[in-house]
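Enquirer: Before I ask anything, here is the structure I am working with.
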Amino acid sequence: RYMSILYYMCNGTDDLDIASVATRPRVMSIQIGMLVRGSDNTRDSLVKGDQEYSVLDQKVKLTATAQSSGKYLRQVITQTIALRNGYGLTETL
């Protein structure tokens, strides 16, 4: 099951105030998401600065400074990394 770091640390809630030291499931993989930008300004009208990007489970928009700095091609890249000795273990710690 995929979950955010906050959800994992709060034992299934989104409230850090009620987080306890109860058992948590083992981490078998981590997922990293990045919004990367090209190095050259395209100056193309097809590139929109106000576009919304989906990085992992979050919708993000560029800041006003990034929108006005030029028309760069951007792409979302995600990578899932399996941790060694993590698979096959389903019990909790």
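The working numbering applies: residue 1497 is where the sequence shown begins, and numbers increase by one.
Think of the CB as a built atom: it goes at the ideal place given N, C-alpha and C, for glycine as much as any other residue.
Computed from a prediction, not measured in an experiment: that's the story for all the values here.
For the beta strand (DSSP E) containing residue 1568, list its first residue and its last residue.
Expert: Along the sequence shown, one-based indexing puts residue 1568 at 72. Its beta strand (DSSP E) spans residues 1568 to 1578.
Enquirer: Just to check my reading of the structure: residue 1525 and residue 1578 have Cβ atoms closer than 8 angstroms, yes? What is that Cβ distance to the nearest angstrom?
Expert: As a position in the sequence shown, residue 1525 is number 29, starting the count at 1. As a position in the sequence shown, residue 1578 is number 82, starting the count at 1. That belief holds up - the Cβ atoms of residue 1525 and residue 1578 are roughly 5 angstroms apart, short of 8 angstroms.
Enquirer: Please classify residue 1503: does DSSP put it in a helix, a strand, or coil?
Expert: Translated into positions along the sequence shown, residue 1503 becomes position 7. In the structure shown, residue 1503 sits in a helix (DSSP, three-state: H, G or I).
Enquirer: What separation, rounded to the nearest whole angstrom, lies between the Cα atoms of residue 1534 and residue 1567?
Expert: Reading the sequence shown from its first residue, position 38 is the one you call residue 1534. Reading the sequence shown from its first residue, position 71 is the one you call residue 1567. Spanning the two alpha carbons is a distance of roughly 10 angstroms.
Enquirer: Do you know whose CA, among 1504, 1536 and 1532, lies nearest residue 1521's CA?
Expert: Numbered from 1 along the sequence shown, position 25 holds the residue referred to as residue 1521. The shortest Cα separation from residue 1521 among 1504, 1536 and 1532 belongs to 1504.
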